[in-house]
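Residue 119 in my numbering sits at position 119 of the sequence shown, and the numbers go up by one each step. Down below is the structure, laid out as structure tokens.
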Amino acid sequence: MYIVEFIGRIFLSLLFLIEGIGKISIQEDVIMYMEDYGVPGILFLPALVLEILFPLLLIVGYKTKWTASIMALFTFTVAIIFHTDFSESMQLMLFLKDIAIAGGFMIIIAYGPSKISLDYYFKLKQE
1 MYIVEFIGRI FLSLLFLIEG IGKISIQEDV IMYMEDYGVP GILFLPALVL
51 EILFPLLLIV GYKTKWTASI MALFTFTVAI IFHTDFSESM QLMLFLKDIA
101 IAGGFMIIIA YGPSKISLDY YFKLKQE
């Protein structure tokens with residue numbers, strides 16, 4: 001079952017990793033989109049770092065519970081800011097998708113990483 005948990009971390013992370021890398025080439029458009037929703041454009045870079053660095057940390061299983069906590073909070077915040085116009089069915093679907101992803105992160109927070117993680121490796125070295 002360790003491999004299943006590891007693959008789950010990869011699947012959750014890939015969404016953010018691919019989106020983050022894609023945003024590099026359309027930075028101006030993303031900043032305009034953010035500002036349309038009242039989010040200052042200066043937050044583009046921190047959000048980009050979060051979308052690229054934290055999924056990598058989650059994949060390798062480093063500080064997994066802390067990383068998953070940050071990702072859950074980020075995902076929930078994105079859902080609240082950008083996807084609450086429920087008069088549009090697509091926005092409702094995007095909101096529910098983000099809530100489901102945050103739920104996946106919460107499962108990682110609750111159970112932590114399996115044996116396929118740096119956290120497990122470092123824990124063994126301490127013993």
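Where is the CB? At the ideal position from N, CA and C, for every residue including glycine.
Candidates the options, of which the one nearest residue i by Cα
i               : options                       : result
leucine 12      : Ala68, Ile116, Glu88, Phe122  : Ala68
tyrosine 33     : Phe6, Ile7, His83             : His83
phenylalanine 6 : Met90, Ala102, Tyr120, Leu124 : Tyr120
serine 114      : Ile81, Lys63, Asp98           : Lys63
leucine 48      : Phe16, Phe76, Gly38           : Phe16
lysine 23       : Pro46, Asp98, Tyr2, Phe122    : Pro46
glutamate 19    : Glu51, Gly41, Val39, Ile81    : Glu51
leucine 53      : Leu14, Phe105, Ile3           : Leu14
As assigned by DSSP and simplified to three states, the class of residue i
i            : result
valine 39    : coil
lysine 115   : coil
aspartate 85 : coil
The ligand MN heavy atom lying under 7 Å from the CB of residue i
i         : result
serine 25 : This structure simply doesn't include the ligand MN, nor any ligand for that matter.
Chain-order list of residues whose beta-carbon lies under 8 Å from that of residue i (same chain, five-residue window excluded)
i              : result
isoleucine 109 : Lys65, Ala68, Ser69, Ala72
Counted within 10 angstroms of its Cβ, other Cβ atoms place residue i as buried (16 or more) or exposed
i             : result
leucine 57    : buried
isoleucine 59 : buried
serine 130    : With the chain covering only 1 through 127, there is no way to say anything about residue 130.
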